[in-house]
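If you read the protein sequences in the order shown, they are chains Y, E and R.
Counting from 14, one number per residue, gives the positions in the first sequence under the numbering used here.
Counting from -1, one number per residue, gives the positions in the second sequence under the numbering used here.
Counting from 10, one number per residue, gives the positions in the third sequence under the numbering used here.
The structure appears below as structure tokens.
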Amino acid sequence: MAEIPILRIGDCLLVSIQVDMHDRLALALQDDLTQRIVADRARGVMIDISALEIVDSFIGRMLNNIAAMSKVLDAVTVVVGMRPAVAITLVELGLGLTGVRTALNVDKGLALIRRIIDNPERDDADRER
Amino acid sequence: MQIESDDRMPLRTSDDVVRVRQAVRARAVASGFSLVDQTKIVTAASEIARNTVDYGGGGELRIEALRNGQRRGVRLTFSDSGPGIRDIDQAMRDGYTTGNGLGLGLSGAKRLCNEFDIKSTAGSGTTVTIARWT
Amino acid sequence: MSDRENIILRLIDRHSQRLLRDWLAYQQREAKYGGTQREAETAELARRFLDQLRASARIAQFEDVETIEWRPIRELLEDLSRDRAVQGFSPTETATFIFSLKEPLFALLREELRDDTERLVRETSTTSRLIDRLGLYTIECYARTREEVIRRQQQELLELSTPVVELWDGILALPLIGTLDSARTQIVMESLLQHIVNSGAEIAIIDITGVPTVDTLVAQHLIKTISAARLMGADCILSGIRPQIAQTIVHLGLELNVVSKATMADALALALRRSGKAITERKQPAAPGSS
């Protein structure tokens, strides 16, 4: 079975999902990522979904889980590059992805992770505003 | 209303769920759906196909292309001969799940379609029909 | 059977010149607007129609204009109704082309079957049914063309009515004007999200100064748009909420759960602050004429 590669950039892990995800692959990615966060002592996780043509509730759940697990391990997760059609469909589906931070692209995602790691207190205030 | 094409495909494994998405996408493109409409029906198909595989023990998908005057549509019928759903009202509620999803499968899929119908008999299977129009 | 049907064909064959002349005369009497060019066009069309009618009717059943043998006739009528619909003819004016063929044909039948009343009645009714079917088909085509025109215009109007403008580097504005329904919101939503992707803007101001009423449905549409933008990584600010709309929102118990500002200016100020920018006054006012 194909595996989704996890790249390391400084203290961040980068995953770019380029294939149509079937459910086992999603579960495997969830496992691999939690292992790597601990092994690499990563502070940030960025998941690039710009190639994904759909996100259904299963993949949504995987993204939520990764965000929640990395939070427990003191890392922040940012999902980047969601396509407009995918975002509209997710909203209609009723999937809010609460708990997942998002950014438009990889550049902005990295900047957001840096900002949150450097100012953990300000982050909460930011979200309230 | 005319039926322009009528295809069937098996639905047994989670790989079949991926194949269903691709087949539904191809059909929606051929029927002239906009990108958002394509994405909505493919996502709905993915939700229901997973239910058919996970809870229905596998089954079959029927893909029909419809035309009604200027409007074109895609109708999907998922059928299995699994244990059936005892309480459909409960299964349709947001957040209800017996498995490991978010409990948005059926209710979410319904919101993504123009037509939605579910028939289930305890012990003899479930049939879900959805349709979306341009 | 074949003999019965062929009588009309025979009449058309034998009297084609006269039939054409009478038919055109009828059409001209019915027509409100004339013009030699249109008369020539109609005459040409009528000639082609009669030729085709003879060819089709020779092999086909009179009763069923849906069959393949009638296709050339159907196509001819489709062209006719499309042309006339686009040119702004009324349905009556369009269908008169076909219906006005009845009288001249009946006249021919009356002469031919002067001595056989029973047969005259039968033939007249068959012919009438055929002409009716062709006439109804023409009206259907006409209606379809009009629907297409209306759909296209609606689409164009929707696209025109949702401009997304860049206010500043990284700040977009979507000034909404008019009533928001589902179809329009769909286009607004897609247009805004696509602009966000293209420009990489992280903040979008949705201004509803021009939206006359905000009810539960409109509020839901707005919330969906804002949620979708958030999923992509952009924040929205709602602005231009008039006092009575603020009251409605509270009375309806709607929770917008979004940053909102009274005016677009306030929203822009907030957007600039968030993106770490500021507008300050110059220390020395610029001299007039210099920039």
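Virtual Cβ for every residue (Gly too), placed ideally from N, Cα, C.
| Check | Outcome |
| --- | --- |
| Within chain A, the residues that residue 118 of chain Y reaches when beta carbons sit closer than 7 Å | As a matter of chain content, chain A is missing from the structure shown, whose protein chains are Y, E and R. |
| Residue 33 of chain R versus residue 23 of chain R - alpha carbon distance | 18 Å |
| Cut-off 6 Å between Cβ atoms - residues of its own chain near residue 107 of chain E, not counting five sequence neighbours on either side | 42, 45, 46 |
| Positions along the segment 215 to 248 of chain R whose CB lies within less than 8 Å of some CB in chain Y | 233, 236, 237, 238, 239, 240, 241, 242, 243 |
| Where residue 118 of chain E sits in the DSSP three-state scheme | strand |
| Positions along the segment 54 to 70 of chain E whose CB lies within less than 8 Å of some CB in chain R | 67, 68 |
| Cβ-based neighbour list, residue -1 of chain E, same chain, cut-off 8 Å, excluding 5 preceding and 5 following | 64, 65, 66 |
| Within-7 Å CB hit, residue 105 of chain Y to chain E | yes |
| Collapsed DSSP secondary structure at residue 76 of chain E in the structure displayed | strand |
| Endpoints, the alpha helix (DSSP H) within which residue 105 of chain R is located | 100 to 108 |
| Those runs of the beta strand (DSSP E) which lie wholly inside the segment 171 to 224 of chain R and span at least 3 residues | 174 to 177, 180 to 186, 212 to 219 |
| Check whether residue 11 of chain E and residue 77 of chain E have beta carbons under 7 Å apart | no |
| Contact the segment 14 to 29 of chain E vs the segment 101 to 121 of chain Y: 3+ CB pairs below 8 Å | no |
| Beta-carbon separation (whole angstroms), residue 94 of chain R vs residue 151 of chain R, contact threshold 8 Å | 5 Å |
| Proximity winner among R:133, R:166, R:104, R:274, relative to residue 116 of chain R (alpha-carbon distances) | R:133 |
| Contact check, residue 53 of chain Y vs residue 21 of chain Y, beta carbons under 7 Å | yes |
| is_contact[residue 265 of chain R, chain Y] using C-beta, thresh 7 Å | no |
| Chain E within 7 Å of residue 102 of chain Y, Cβ atoms only | yes |
| CB contact flag (residue 91 of chain Y, residue 125 of chain Y, <7 Å) | yes |
| Proximal chain R residues relative to residue 93 of chain Y, where beta-carbon distance stays under 8 Å | 242 |
| Coarse secondary structure for residue 12 of chain R, derived from DSSP in three states | Reliability of the predicted coordinates at residue 12 of chain R is poor, the pLDDT of 48 falling under 50, and no value is obtained from them. |
| CB of residue 237 of chain R within 7 Å of CB of residue 67 of chain Y, strictly | no |
| Per-residue DSSP class, three states only, for residue 54 of chain Y | coil |
| Contact residues within the segment 143 to 171 of chain R, judged by C-beta distance below 8 Å to chain E | 153, 156, 157, 160 |
| Euclidean distance between Cα positions of residue 210 of chain R and residue 34 of chain E | 21 Å |
| Reduced DSSP secondary structure (H/G/I, E/B, other) of residue 141 of chain Y | Residue placement at residue 141 of chain Y cannot be trusted, given a pLDDT of 42 that sits under 50; the coordinates are not used to answer. |
| Reference residue 30 of chain Y; option with closest CA among Y:40, Y:17, Y:36, Y:41 | Y:17 |
| Pairwise C-alpha distance: residue 271 of chain R and residue 291 of chain R | 27 Å |
| Nonlocal neighbours in the same chain, by C-beta distance under 7 Å from residue 52 of chain R, ignoring five residues either side | 33 |
| Distance CB(residue 56 of chain E)-CB(residue 9 of chain E) smaller than 7 Å | yes |
| Contact belief for residue 223 of chain R with residue 257 of chain R at Cβ below 8 Å, rounded distance in angstroms | 6 Å |
| Integer Cβ distance of residue 123 of chain R from residue 68 of chain E, believed to fall under 8 Å | Actually they do not touch by this definition, with Cβ atoms about 49 Å apart. |
| Within chain Y, the residues that residue 202 of chain R reaches when beta carbons sit closer than 8 Å | 97, 100, 101 |
| Three-state secondary structure assigned by DSSP to residue 114 of chain Y | strand |
| Nearest candidate by alpha-carbon position, reference residue 175 of chain R, set R:156, R:101, R:215 | R:215 |
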